[in-house]
Each structure stands twice: as C-alpha cells, then as structure tokens.
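Written below as structure tokens is the structure these notes are about.
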Amino acid sequence: MNKKERYEHILTYFEKHVPEAETELHYTNSFELLIAVILSAQCTDKRINLVTPKLFAAFPHPEILANASVEEVFSYIRSVSYPNNKAKHLVGMGKMLMEKFNAEVPSTVEELQQLPGVGRKTANVIVSVIHHAPAMAVDTHVFRVSARLGLTTNAKTPLAAEKQLIKFIPSEKVHIAHHWLILHGRYTCLARSPKCEICPISMYCKYYSKNS
Numbered sequence: 590m591n592k593k594e595r596y597e598h599i600l601t602y603f604e605k606h607v608p609e610a611e612t613e614l615h616y617t618n619s620f621e622l623l624i625a626v627i628l629s630a631q632c633t634d635k636r637i638n639l640v641t642p643k644l645f646a647a648f649p650h651p652e653i654l655a656n657a658s659v660e661e662v663f664s665y666i667r668s669v670s671y672p673n674n675k676a677k678h679l680v681g682m683g684k685m686l687m688e689k690f691n692a693e694v695p696s697t698v699e700e701l702q703q704l705p706g707v708g709r710k711t712a713n714v715i716v717s718v719i720h721h722a723p724a725m726a727v728d729t730h731v732f733r734v735s736a737r738l739g740l741t742t743n744a745k746t747p748l749a750a751e752k753q754l755i756k757f758i759p760s761e762k763v764h765i766a767h768h769w770l771i772l773h774g775r776y777t778c779l780a781r782s783p784k785c786e787i788c789p790i791s792m793y794c795k796y797y798s799k800n801s
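Going left to right, the sequence shown walks through residues 590 to 801 as the numbering used here numbers them.
Listed below in structure tokens is the structure:
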C-alpha cells in the first residue's frame, strides 16, 4: 500500500463513520475559542471546560480582559496547567486585540501568532475551527497518530508533520481531518497503551503491522 492509498483508506473510513467531528472545547464565539485554546496547552479539554464558563462570564469582551489584572484572571484559571503564564498571556492578548485588531479576533495564522500565548498550533486551530481553513494544527495526538498510521514519515517536528499532512489531505477535508486524528488519539490510539485490538483502521496502520 503506497502513501496515497493509505490516506484514501483512512480518510474514507473517518468520513463514513465520523462524519461530524469538532473540537471538544466549549465556546460560543471566536474570542471564547481563542481563550479556551490558549488555556488548553498541556491541559485536557475536560479541565478547560470546567474553568471557562465563569471565566467567559467575567471577561465577555476583549476590552474587559485588557483592563483586568493578571491576578484577577489567575483566580479563575488557577486549576489549569501553568496558570501564571496563561493569565499573563490572556491579559496581553486582550490588550493587543484592543490596540491592534479593533477588538476582533484576527482571521489569519500570521496575525493570530502576534498575540501573546498564541503559537502556530493555536493559530491553526482558530482558523480551522472558525473559518474551516485548510490549516492542520499538530498537537501531541495528531503527531503521534499520523506517525503510527504511516501518514507521516520521519517527521521530527510538528511543522514537518503539518507539511506532510497538508500535502496529502484534500484542502476541503483538512479542518475535519484535524479532529479525526485528535479524537482517534484521545480515545483509541493512546500514547502508552494504544487500543489496537479494537481499532477499526488497524489494517492500514504501520505501527500495528509492525507490532502485531
């Protein structure tokens, strides 16, 4: 099976069996999603969803966030990973949205990356989820799953994996393929004990063929 065929089989499976895949973060607009994704770095979506309702209620607009103190924001997010840094990022992000982007969340990866706490992965998530742009955010799940399945080859960095995935996934499917890979990694292709025995796409998987 060559790489093109592997992609076709795997994407066809997900398209048929997981036709609707989306982020598990709770949000109602792009500003809330931006906050949630910044907070989700090295933290579970489940934890973030416990924290964000009160946070969103307290800071519903970039202007309010921009005028908040770091300590005030910290009090709402103390249970997430790296709360000190993330509180600083959120306040800085609010200030920059007000000063540079007219209180609007930017719609390009390049502009989003100017915001405090926003790296390429976070920016890709925002444009992918909000605008269905063909941007592939490579987190630990996507990086691991795409390598195991054989969708990427010798990708040493998230950016290298992103470039390989973008090359082979049709542009109109990139935004949902991101969620397919994340969800597969979160619930089936686990880091330490992948559930190969129940995996529905193990027949296309390089890791499985090597270890079975």
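Don't be surprised by glycine CBs; every beta carbon is placed ideally from N, CA and C.
Since the structure is predicted, the reported quantities are computational estimates derived from the model, not experimental observations.
Counting only the same chain and skipping the five closest in sequence on each side, list residues whose C-beta sits under 6 angstroms from that of E652.
-> Taking the sequence shown and counting its residues from 1, the one referred to as residue 652 is at position 63. Correct list, in chain order: M687.
Would you mind working out which of G708, C788, T601 and S791 sits nearest P747, comparing C-alpha positions?
-> In the sequence shown, counting from the first residue as 1, residue 747 sits at position 158. The shortest C-alpha separation from P747 is found at G708.
How is F663 classed by DSSP in three states: helix, strand or coil?
-> Counting from one through the sequence shown, the residue named residue 663 turns up at place 74. Looking at F663 - three-state DSSP - the assignment turns out to be helix.
In chain order, which continuous runs of the alpha helix (DSSP H) of length 4 or greater are located wholly inside the segment 660 to 747?
-> 672 to 689, 698 to 701, 709 to 720 and 729 to 738
Please state whether DSSP places T617 in a helix, a strand or coil.
-> Within the sequence shown, the letter at position 28 stands for residue 617. Coil at T617, not helix or strand.
For H718, collect the residues of the same chain with a Cβ closer than 8 angstroms to its Cβ; drop the 5 residues on either side in sequence, then sort them by chain order.
-> Here residue 718 is taken as the residue at index 129 of the sequence shown, counted from 1. The question names His, yet the displayed sequence has Val at residue 718. If we look at V718 and ignore the five residues flanking it on each side, its Cβ neighbours are E611, T612, L622 and H764.
Assign L639 to one of two classes, buried (16 or more other C-beta atoms within 10 Å of its C-beta) or exposed (fewer than that).
-> Against the sequence shown, residue 639 aligns to sequence position 50. Under this definition L639 is an exposed residue.
Have a look at L704 and S798 and give me their C-alpha separation to the nearest angstrom.
-> Locating residue 704 in the sequence shown gives position 115, counting from the first residue. Locating residue 798 in the sequence shown gives position 209, counting from the first residue. One C-alpha to the other measures close to 43 angstroms.
With 16 as the cutoff for other CB atoms within 10 Å, does H730 come out buried or exposed?
-> As a working mapping, residue 730 is identified with position 141 in the sequence shown. Looking at its Cβ environment, which holds 16 or more other Cβ atoms inside 10 Å, H730 is buried.
Same chain only: Cβ atoms within 6 angstroms of G681, ignoring 5 sequence neighbours per side | The count along the sequence shown starts at 1 and reaches residue 681 at position 92. P705, listed in sequence order.
Does the beta-carbon of K675 have 16 or more other beta-carbons within 10 angstroms, so that it is buried, or is it exposed?
-> Counting from one through the sequence shown, the residue named residue 675 turns up at place 86. K675 is buried by the Cβ-count criterion.
Option in L770, K762 and F645 with minimal Cα separation from I790 | On the sequence shown, position 201 is the one that residue 790 refers to. Selected option, being the one with the closest Cα: L770.
Report buried or exposed for I627, applying the criterion of at least 16 other Cβ atoms within 10 angstroms of its Cβ.
-> Numbered from 1 along the sequence shown, position 38 holds the residue referred to as residue 627. When all chains shown are included, I627 counts as buried.
Excluding sequence positions up to five away, which residues of its chain have a Cβ less than 7 angstroms from the Cβ of C632?
-> In the sequence shown, residue 632 corresponds to position 43, counting from 1. Closer than 7 angstroms at Cβ, skipping near neighbours: V669 and S670.
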